[in-house]
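See structure below.
2 protein chains.
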Amino acid sequence: MTDTSVPATALEDIRRVACVGAGVIGGGWVAHFLGRGYEVTAWDPAPDAEARLRRLVDAAWPALEQLGLAPGASADRLTVTSTLEEAVARAQFVQESAPEKLGLKRELLARLDAATPSGVVIASSTSGYPMTDMQTDAVSPGRLIVGHPFNPPYLIPLVEVVGGDRTDPEAVRWAARFYEAAGKSVITMDREVPGFIANRLQEALWREALHMVAGGEATVRDIDRSITEGPGLRWAIMGPMLTFALAGGEGGMAHMLDHFGPSLKSPWTRLEAPELDKALYDAVVTGCDDAADGRTIADLVAERDRGVIAVLRATGRLPGSGAE
Amino acid sequence: MTDTSVPATALEDIRRVACVGAGVIGGGWVAHFLGRGYEVTAWDPAPDAEARLRRLVDAAWPALEQLGLAPGASADRLTVTSTLEEAVARAQFVQESAPEKLGLKRELLARLDAATPSGVVIASSTSGYPMTDMQTDAVSPGRLIVGHPFNPPYLIPLVEVVGGDRTDPEAVRWAARFYEAAGKSVITMDREVPGFIANRLQEALWREALHMVAGGEATVRDIDRSITEGPGLRWAIMGPMLTFALAGGEGGMAHMLDHFGPSLKSPWTRLEAPELDKALYDAVVTGCDDAADGRTIADLVAERDRGVIAVLRATGRLPGSGAE
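In the order they appear, the protein sequences are chains A and B.
Under my numbering, the residue at position 191 of the first sequence is numbered 191, and the numbers go up by one with no gaps.
Offset between the second sequence (1-based) and my numbering: plus 1000.
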């Protein structure tokens, strides 16, 4: 543990965030941090980057207002710098959102590490590279973490946080607390898995969708409608595991696995399923019990129903709800 | 085209629906049709079926009230019969929701076909069997269709409608119109694909989730949170295709594919991706243009932002929104 890998600053004293890379994701981070009242410095090598970034922030501002601006939050607190070094020189947290190219990420993180004050955590928005593979060229790899957001970062709460082999575990814990303080919803992973969690799940869905388009089995429009009119309504409320537990009726996940377990052998997707052996069966059932946190199946059904109705109403899909 | 395969009844004259099989899905159908004002006859061979069904309808009723009951809708319009034949004797539409066992479905559909008045469409709630494989033993296979709902059928609008090789196309068209009239959102498929559309998509996600649990890569709780705090919020508003188009920024899906296309080679899920050749690239890009229906990327971003904020507020995930 060196003095460059452990953040010394208290969360409430963090006021200055640097965003490096200001495309869709980096710009979304800029909007998020501005909305939460931070001073943001941003840098992006593209010639039209500043104009694009300011357009993105302007477009996001009505959403940020509805989400609730922090005291003092203002788009005027954004400074676009002409060099990477200027952007991070006084930063207390750095979020890197460069294109997904491993060589580029490696080199950029090494440059950021060299230019950022010691004791400041540097997070990468990478969609899937393990930090272990990206931190190779940095002098202080201990402060480099993955903080993987979802588009748009100012609106979708989730950030997946994970370190690499050479990351200081304290940097991972600090980053998780910082993101929570900055209004994000954090999942901290204890190991590096390509694509993390949510991207693995949506990538499986996306690949199956591409197979269906490639095979002429469904149109893009049908695929989108099949989600927004179907499982997507449930997934805003309750994840896929508890959702499926409710397909088991009063018997919950155990009954669902007894009933639909054989479907894992069906060609319902191009993805081969794992063997549903006793260990996996038990892990899923007890995992659902744990996730239910004492709520009974009837509680969960009532919660889902209230939630889906709220979503249907909020999105104008109930009769007479358009005016609400 | 025989007189037994073409529904003669006008949609507005359909008042009596039979639900055969009254578990989670069949019972959900019962609740849906009751809420929409139909007279429902139900049959299920389980000894405790009636008590379970009435509990399910009672539990669903507050949701049905909020969804908006049709004039005259009442749980009193439910009759549970002691034989299958009584249930369908006067039915104008039949929804079969028996367990997912092919032999059972085949035999049951043949029995239903024999007992149901001619000219009445019989739909199966099967999660994945092609009707071609289920209609083998029926005398009038022309009127047998798949009408695949999502749990719970009284709340999730989607029904996937598709016929088998021996189904009269007119029965498919009539069923699609009937379901729409009964308040469902219909996708009609022109071919049989195992698992239809939405189940293929959620099955890919589910299998990947099982792999992650089996490998100890993520807990059930993390998997669920990664969806409800992440992509699930978007999917209630906009399907996976248009959602990903917005990851391409002002360049839309074409830019997204240019940027993230290489990720299809990454081990981000256990599902192998199709080759992103020019034909697939073009099909996805033009499919998204088509699905956007003239909305620009900026329009879609604004729509998504409004929708996600509405969902966050409706589900109590915005500060101060709990009381709303």
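Don't be surprised by glycine CBs; every beta carbon is placed ideally from N, CA and C.
For B/M1241, the nearest beta carbon of chain A is closer than 7 Å to its own beta carbon. Residues of chain B whose Cβ lies closer than 7 Å to the Cβ of A/V193 are, in chain order, E1217. At a C-beta separation below 9 Å, A/C19 has no neighbours in chain B, since its nearest C-beta there lies roughly 15 Å away. Residue pairing for A/V186: DSSP places it in a beta bridge opposite A/V159. Counting only Cβ-Cβ distances below 8 Å, A/T315 has contacts in chain B at A1236, I1237, G1307, A1310 and V1311, in chain order. In the DSSP assignment, A/R234 falls within the alpha helix (DSSP H) that extends over P231 to W235. The beta carbon of B/D1305 is closer than 7 Å to none in its chain, skipping five residues each way along the sequence. Pairwise C-beta distances place the stretch 152 to 159 of chain A in contact with the stretch 20 to 32 of chain A, as three or more of them are shorter than 8 Å. When the Cα atoms are used, A/S226 and B/G1232 turn out to be separated by approximately 14 Å.
Here the C-alpha atom of A/D76 lies approximately 26 Å from the C-alpha atom of A/P99.
Partner residues in the beta bridge of A/V40, as assigned by DSSP, are A/V17 and A/L78. Between B/I1156 and chain A, the shortest Cβ-Cβ separation is below 7 Å. Between the alpha carbons of B/H1259 and B/G1027 lies a gap of roughly 46 Å. DSSP places B/S1124 in the strand class (E or B) of the three-state scheme. Within its own chain, the residues whose Cβ lies closer than 6 Å to the Cβ of A/R166, once the five positions on either side in sequence are excluded, are Q135 and P141, listed in chain order. Residue-level contact check: B/I1227 touches chain A, since one or more beta carbons of chain A fall below 7 Å from its beta carbon. Per DSSP, B/Q1135 is not a residue of any alpha helix (DSSP H), being assigned neither H nor E.
The beta carbon of B/D1133 sits closer than 6 Å to no other beta carbon from its chain once the five residues preceding and following it are set aside. Contact annotation: B/G1128 and B/P1194 have beta-carbon atoms nearer than 7 Å. Within chain B, the C-beta atoms nearer than 9 Å to that of A/L318 come from Q1066, L1067 and G1068, in chain order. According to DSSP, residue pairing for A/P149 in a beta bridge involves A/V159. In this structure, DSSP gives A/V193 a state outside helix and strand, which the three-state scheme calls coil. Non-local C-beta neighbours of B/F1196 in its own chain, meaning closer than 6 Å and more than five positions away in sequence, comprise H1148 and E1160, ordered along the chain.
At a beta-carbon threshold of 8 Å, the residues of chain B lying near A/S263 are E1100, S1127, G1128 and E1203, ordered along the chain. Proximity of chain A to B/S1185 at the Cβ level (cut-off 8 Å) is accounted for by R225 and E229, in chain order.
Counting only Cβ-Cβ distances below 8 Å, A/H259 has contacts in chain B at P1099 and E1100, in chain order.
Not a single CB atom of chain B sits nearer than 7 Å to the CB of A/T81. The Cβ atoms of A/A291 and B/D1224 sit closer than 7 Å to each other.
The beta carbon of B/A1254 does not come within 7 Å of any beta carbon belonging to chain A, so the residue lies off that interface.
Against chain A, the CB of B/T1188 has no partner CB under 7 Å away; the residue lies outside that interface. Residue-level contact by beta carbon fails for B/T1132 and chain A, as no gap is shorter than 7 Å. Taking CB atoms only, B/G1249 has a neighbour in chain A less than 7 Å away. Assignment of A/L144 by DSSP, reduced to helix, strand and coil, places it in the strand class.
With respect to A/R143, A/I122 sits close: the two C-beta atoms are nearer than 7 Å. About 39 Å separates the Cβ atoms of B/G1261 and A/L318, ruling out a contact at the 8 Å cut-off. For B/Q1066, no beta strand (DSSP E) run applies; the uninterrupted alpha helix (DSSP H) run containing it begins and ends at A1049 to L1067, by DSSP.
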